[in-house]
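*Asks:*
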Amino acid sequence: MRGALSIVKKEVYSYFLSPVAYVVLGVFLFMMGLIFAKFVALYQQYNMAQQFGQAQGITLDKLATYLYQNMAFILCFVTPFLTMRLFSEEKRQNTLELLLTAPLKESEIVLGKFFSAYVLMLVMILVSAVYVFFMVLWGNPELKIIGATYLGLALASACYVSLGALISAMTSSQAIAAIWTFIALLFLWLLQTLGSGISVSWGPIQWGPTLVYISPLGHFNSFTEGLVHIKDVIYFVSFTLFSLFLTHKVVESNRWR
Amino acid sequence: MIEVKDLTKSYGDRLAVDNISFSVKRGEILGFLGQNGAGKSTTMKILTCFMPATSGNASVAGFDVFENPYEVKKRIGYLPENPPIYLDLLVSEYLDFVANLRKIPRGEKKKKISSVLERCQLGDVRNRLIGNLSKGYRQRVGLAQALIHDPEVLILDEPTVGLDPKQVSEARGLIKSLRSERTVIYSTHILSEVAATCDRIIVIDRGKIVAQESITALGATTKTELVVQRSGEEVVSSLRALSGVKNVHYQSNGKERIIVESDPTDDIMAEIAKVVVNKNAGLVRMAPIQLALEDYYLGLISGKRGVSI
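These protein sequence lines map, in sequence, to chains A and B. When we follow the working numbering, the leftmost residue of the first sequence carries the number 77, and every step to the right adds one. When we follow the working numbering, the leftmost residue of the second sequence carries the number 321, and every step to the right adds one.
1) Would you kindly report the start and end of the unbroken beta strand (DSSP E) that includes B:SER454?
2) By Cβ distance below 7 Å, which residues in the same chain neighbour B:GLY354 in space, the five residues on each side in sequence not counted?
3) Starting from B:GLU606, trace the beta strand (DSSP E) both ways and give me its first and last residue.
4) Against chain A, which members of the segment 368-387 of chain B pass a CB distance test of less than 9 Å?
5) Does the distance from the CB of B:THR503 to the CB of B:VAL530 come in under 7 Å?
6) Starting from B:GLU323, follow the beta strand (DSSP E) in both directions and report where the run begins and ends.
7) In its own chain, which residues sit with a C-beta less than 6 Å from the C-beta of A:MET107, not counting the 5 before and 5 after it?
8) When the cut-off is 7 Å and only beta carbons count, does B:PRO608 lie next to chain A?
9) What is the DSSP secondary structure of B:ILE510, reduced to helix, strand or coil?
10) Who are B:ILE567's beta bridge partners in DSSP?
11) For the alpha helix (DSSP H) that contains A:TYR289, what are its first and last residues?
12) Less than 7 Å between the beta carbons of B:LEU367 and B:ALA381, yes or no?
13) Below 8 Å between beta carbons is the criterion; list the residues of the segment 175-187 of chain A that meet it against any residue of chain B, in chain order.
14) Mind listing the chain B neighbours of A:GLN325? Cutoff is C-beta to C-beta under 8 Å, in chain order.
15) Taking the alpha carbon of B:MET589 as the point to measure from, which residue in B:CYS518, B:GLU576, B:LEU335, B:MET606 has its own alpha carbon closest?
16) What separation, rounded to the nearest whole angstrom, lies between the Cα atoms of A:GLN130 and A:LYS138?
17) At a CB-CB cut-off below 8 Å, which residues of chain B make contact with A:SER94?
18) Specify, as a first and last residue, the run of the beta strand (DSSP E) that A:VAL276 falls within.
19) Mind listing which residues of the segment 423-455 of chain B have their C-beta closer than 7 Å to chain A's C-betas, in chain order?
20) So the alpha helix (DSSP H) B:PHE352 belongs to, where does it begin and stop?
21) Whole-angstrom Cβ separation of B:ASP408 and A:LEU93, contact assumed at under 8 Å?
22) From this set, B:GLN549, B:ILE340, B:GLY443, which residue's C-alpha is nearest B:LYS575's C-alpha?
23) With C-beta atoms as the reference, is A:LYS189 less than 7 Å away from A:LEU229?
24) Would you mind stating whether B:SER551 and B:LYS599 have Cβ atoms separated by less than 7 Å?
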């Protein structure tokens, strides 16, 4: 595993050598800041309304759900910038030859690459924990729900990053990798809306619910409501493992194609 | 050390390597000679387990490249045609990364890095960004990468491309210094390089091995140019009678020019000189022609042997 670790080390270091990490972190925190400001404004508004006996049942936790669902969506935009270079840059600079002729297993390379982007993703998610701090300071949120939400974010971002890594392994152009990763993530996200409008069935398969199930949105949403269903955990973990498995095959195929 | 048997590689319809077999002994430096696109790089990529062959076998240090790539990769240092360097790292950072990939124990890492920096004369650029280095330095960083783990087998794909003449001779010196402890395969299309460094050459053309010979065997015939003032024909006929002489060409347009192909011994040279002097032919010039390798190579590539000057 030392090979994988040294790849993680080098990649994370490279992120901070180029402007990528700073730009991505900056943009992410800026957008989240906007959403958090909106969230604070809404919270004040409902607090006010509740003093006059209106808007009952809207709690801080409900609003936090809104905050974190937006965050999961913004992570879709951010992921391509972190994953685009993972393999495509190695291919373009012929350095994949270095990795593939070193005494490493392909799985070490894939895991190293995956974790380098994932570590950065987790850093961003952790930075967003300052919002929790403010919530605790000014309100009374249910910390168990927030804990579940962060577990959901960690799992969802793992599946985003694995998909990004897969697409990056298939091209030698960073731009193409970024665009396709973004399209793929957006498409998966929109399957939720798409699927809920379809009532066609083919034999025993209900297309609508199937598409909804494939989308990560619903699975993530149950985390934000404080529900840690084993089926959702399995969804994210298996999605990630399957993408990484395909990435492994694609990297391997560089050798025989 | 390296055994290649009936190796074939095709990219789609195109045969890049066509049924080649050769072997390299421990401590030997093998020159891989051929035009661009002849199949040199492909063969090297197969030996380094970067890509598999379509058919045939190859083994390094007794380990098959298809069945046991891990053991093979451990023993090989490989410099691809384009050095596999990260432009955004410092030279020392890059070598540290490679040392980790090569699983060099932490205790030895520092020592190995500084020794390879010294051997490739990279000491004064160790803290510079690879992206800011010139082509020659980048090539040397690539070479350092291949040497860092003291591999038993070195596979170098055109290691001297992009180096200036001084660096070329330094690189050759470095490769020569590895002789006897390491096995080296070295591809190039520069002939003088092969003559200067290799023990043996393999000439490969359109995916096929067209010749396999040791450098000394290649030097088995030397050519000597003689220019005389008179009685050329007499000289030629008596030269032909000498035992070590293989062939004599004669041209007479104003000057009488004779080219003698003979064994490369000093004795035969003395004999040739003696004949010319005895005939009182008025010797103007007697010079060796050092084109044997080039001649040989061009002859192979163009399909006919023994092209004269």
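Note that the Cβ used here is the ideal one computed from N, Cα and C, for glycine as well.
*Replies:* Let's see:
1) Counting along the chain, B:SER454 falls outside any beta strand (DSSP E), and DSSP gives it neither H nor E.
2) LYS360, HIS509, VAL523, ILE524, ASP525
3) In the sequence as presented, Glu is not what sits at residue 606 of chain B; that position holds Met. First-last of the beta strand (DSSP E) with B:MET606: 603-609.
4) THR368, CYS369, PHE370, MET371, PRO372
5) Cβ atoms of B:THR503 and B:VAL530: not closer than 7 Å.
6) Counting along the chain, the beta strand (DSSP E) containing B:GLU323 begins and ends at 322-331.
7) ILE150
8) No, its Cβ sits nowhere closer than 7 Å to a Cβ of chain A.
9) coil
10) Rather than Ile, the amino acid found at residue 567 of chain B in this sequence is Asn. Bridge partners of B:ASN567: B:GLU581.
11) 283-290
12) For B:LEU367 and B:ALA381, no; Cβs fall outside 7 Å.
13) Against chain B - using a Cβ distance shorter than 8 Å - the residues of the segment 175-187 of chain A are LEU175, LEU176, THR177, ALA178, PRO179, LEU180, LYS181.
14) In the sequence on display, residue 325 of chain A carries Lys and not Gln. The contacting residues do not exist; A:LYS325 stays about 15 Å from chain B at best.
15) B:MET606
16) 16 Å
17) ASP408
18) A:VAL276 -> no beta strand (DSSP E), and no H or E assigned at all.
19) The residues in question are LYS423.
20) Premise fails: B:PHE352 lies in the beta strand (DSSP E), 349-353, not in any alpha helix (DSSP H).
21) 5 Å
22) B:GLN549
23) Pairing A:LYS189 with A:LEU229 gives a Cβ-Cβ distance that is not under 7 Å.
24) yes
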